[in-house]
Amino acid sequence: MGNIWLYGLIGVCAFAILYVVGCFIKISRLSEGTSQMRYMSKIIRKGANVFIRKEFTTIGIVVALLAVLFSLFIEKWSGLTYILGAAMSSIVCVLGMKSATLANVRTANTARETLSVGATVKTALTGGSISGLSVQAFGILGLLIIVLAAGVGPQSVDTLTGVGLKDLPAFNGNGIIDFAALMTNTSVMRVTTYSLGCSTVAMFNRVAGGNYTKAADISADILGKIRNDLPEDDSRVPNVIADFIGDNVNDIAGNCSDLLESFVATMSASIIVAVSLLTQNGSTLTAAFFTSSYIYPLIIAGGGLIGCIIGLGFVAIKKMSQNPSKELDIATYVSAAMSIGLGGVASYLAFGRGIDPSVLAAAGFKAGWASPWICAILGIISGVAIGMITEYYTSADHKPTRQIAEYATEGEAFVVTKGDAVGSKSCLLPILIIGVSLLISGYVCGTYGIAIAALGMLSFVGTTVSIDAFGPIADNAGGLAESCHLDPEVRVITDKLDSVGNTTAAIGKGFAIGSAAFATVSLIVAYVGNYSGFNLETPTVSSFIVIAGCIIGGALIEFFCAILTDNTIKSAKELADVGDRQLSDPDVLSGKKTPDYNELVSLATKSALRRMLLPSVIALAVPFVGGIFFGVDFVLGILLGATIVAIPRAIFMGNSGGAFDNAKKFIESGGLKGYGKGSAAHKASVTGDTVGDTRKDVVGVALDIFIKMMSTVATTLFVVINAVNGIIGIPL
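Here this note's numbering runs 36 ahead of the position in the sequence shown, where the first position is 1.
Now the structure itself:
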């Protein structure tokens, strides 16, 4: 183990980036179709670019300000690592959005030219692969830059006068850790600020992008389907282009930054816990063990990236069937299997050679060198299982979603009530899986095992994001087919892909919240590990300060959900009013006059950006403000309470929203005999879908970022919080 592994991982990332470039070239060479398709596609690209440019201008100011503060008051290089995290997230967002706006029209044209589901799937998945592989490659690359720039131990005690990873840990001449040197945690600062940079961009993207896309989507559905009996994505509805753009800025750019943040958070948590192990067992752990435990998370991530390239590449070259779900499942299973195999090899090479079994036992490795591998497998299996459960509750192929469609014949209230029940039921099994996985991984490999299990769940995130991105690309393709008046057969193909895409998106959300639960627990453990470094007494759950923090943390989640929902509905009302005004022109409604799409695009952009600051600031400020006044114990309570409430809430939001959406599509596809598009049952299902839109694409997706961001902020600022609280804190 050593730098050779790190340079090898850079090679893997470089190969993945070359694969991404190849996908870009392949997509770009495909035809965009008719002149009308090219025109509509150009508007979508232009609108998406304007939104991203304006959003990143605001984000850039926030990032620059915080970077200066981190370098001044935390650690001198942490500002740069924070900027690096934000930059990697931004690059991934731009690449994902660019690829999606290229692939959507080409996917529609592939369906138009071939009338083949298989060929259309291949085009959409090629576009999605750019997003997915970029997420995993750039996430690993940023962390590699930090590790290589600072150096990886072991180093001598004499180097402790500097800062960086090379200073932690320090070893004496016998290769035994000098426990006193563990007080220098500059490595943790750099890793956590890198993760926090990714989190900052992800939070802004999810909040602003979610507001944009769902305000446009809700207003377009209300104006088109409910008030004017127009088909979905009809070009006469002024809001429809803003809806198309929203699919790219939230479901692509937002999703890329979201899962990049999850992926980086799990890698960072693994590294932080590896350092924490030293503070607890410094006298018994060796240099070889630390090096292995520090680098192993990166190797797991790199092995998963190789698995993703193989899985996606296999599907790209094989003959496609007419079953899109089957093809996407193949990519997932091949990637997961490769990740498991490579993870086992890495675990043996890292911990099975050159490390005495007694050292592994002292670190809590119950199964020797295989302990981390077992935890990684547990994470992968948990992720796949959560995905299968999510598919059951959200796919129109299964009973829960079909029951929602059946209840639509009774009206809107029945749809919403049944959907709520489906969403609530869907929470139990995923949370049981998460809980059991936490118990087993914690037993097998301690807190390090919990962090590795989280990383295992996201070890093939490249494939997960690729399949996630497939959905909005197919959705946009269907919208273009409708708005450009292509043959109905084309819309049948794109609708089939879109329905599958809704399910894959729900599965992706399940992966995100599952990994968030693991990562947040790991970050909380790392947060508690700071107590020993400052000779503080570790609090118990019976502490009234911790309990108070728990209650407030849980309530904070509900307040956060309320803000996001309220902001979205306010924006939707603004867009609906403007769209209604345009549709009052008979020439627009009849199709003789083209609506002013730009007015709606501009309004959606301004509204989303205006309302994105408060929710994001809450995640950044609450741990710090609460800590300086009430202490680090209070912050611990906030983290625990927020996590406990957020996990089931996020699952409920994502699954109920996905079920509402697919129930509507089930009716539109003719699955409910006697009821189709335009029927009373269909309108009731549209109402359910409208309710679910904000849940799954605004609130649910932001909750996992929220709890991880608060945990990362708390861990990063522990030193400052504790010091300032000693000066201005309220005595309790």
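Virtual Cβ for every residue (Gly too), placed ideally from N, Cα, C.
Per DSSP, the unbroken alpha helix (DSSP H) holding N512 starts and ends at 497–519. For the segment 681–727, not one full-length beta strand (DSSP E) segment reaches 3 residues or more. In this structure the segment 484–503 touches the segment 401–421; the number of beta carbon pairs closer than 8 Å is three or more. Scanning L522, K545, G550, K62 for the CA closest to the CA of L414 turns up G550. Look at the beta carbons and you see the segment 497–516 touching the segment 360–369: at least three pairs across the two are nearer than 8 Å.
Excluding residues up to 5 positions away in sequence, S298, D740, I743, K744 lie with their Cβ nearer than 7 Å to the Cβ of A552 in the same chain. Nearest in C-alpha terms to D725, of all of A513, L592, I440, K609, is I440. When the five nearest sequence neighbours on each side are left out, the beta carbons in the same chain lying within less than 8 Å of the beta carbon of L116 are those of A103, S107, in order along the chain.
Here the C-alpha atom of S271 lies approximately 43 Å from the C-alpha atom of Y230. Assigned with DSSP and collapsed to three states, I599 falls in helix. Residue range 71–109 is occupied by the alpha helix (DSSP H) that includes R81. Closest option to A310, judged by alpha-carbon separation, among S223, F595, P274: S223.
Cβ-Cβ distances below 7 Å link T540 to L364, I503, D504, F506, G507 in the same chain, with the five nearest sequence neighbours on each side left out; the list follows chain order. Judged by DSSP secondary structure, F450 falls within the alpha helix (DSSP H) whose first and last residues are 448–493. The DSSP-derived three-state label of V243 is helix. Here the segment 585–604 does not lie against the segment 37–47, with fewer than 3 beta-carbon pairs under 8 Å apart.
With contacts defined by Cβ atoms closer than 7 Å, E111 and M225 form a contacting pair. The C-alpha of N691 is placed about 27 Å away from the C-alpha of V653.
Under the three-state reduction of DSSP output, S620 falls in the coil class, being neither helix nor strand. Out of V452, S126, I605, A144, the CA that lies nearest to the CA of I63 is found in A144. Counting along the chain, the unbroken alpha helix (DSSP H) around A386 starts and ends at 360–387. Between the segment 322–342 and the segment 386–397 there are three or more inter-stretch CB-CB distances shorter than 8 Å, so the stretches are counted as touching. Contact between I335 and M374 is absent: CB atoms are separated by about 14 Å, not below the 8 Å threshold. In this chain, the alpha helix (DSSP H) harbouring S638 covers 633–646.
S125 is the residue among E68, I476, E525, S125 whose C-alpha sits nearest the C-alpha of C292. Non-local beta-carbon contacts of G589 in its own chain, meaning distances under 7 Å to residues more than five positions away in sequence, involve G673, I674, L675, L676, G677, A678 in chain order. Sequence-distant Cβ neighbours of M746 in its own chain, meaning closer than 8 Å and more than five residues away, are A655, V658, P659, I674, L675, A678.
Judged by DSSP secondary structure, N758 falls within the alpha helix (DSSP H) whose first and last residues are 754–764.
Excluding the 5 residues flanking it on each side, C129 has same chain C-beta neighbours closer than 6 Å at A289, C292, S293, in chain order. Of the residues I262, I353, N275, the one whose Cα lies closest to the Cα of S638 is N275. Straight across, the Cα-Cα distance linking L66 with F280 is about 21 Å.
Under the rule that a run must span 4 or more residues, the alpha helix (DSSP H) segments found entirely inside the segment 234–318 read 276–284, 291–317. Three or more beta-carbon pairs drawn from the segment 694–707 and the segment 716–725 are found closer than 8 Å, and the two stretches are therefore classed as touching. Distance from the Cα of L101 is smallest, within the candidate group F87, L180, T236, for T236. Around the beta carbon of Y55, a 10 Å sphere encloses 16 or more other beta carbons of the protein chains shown; the residue is thus reported as buried.
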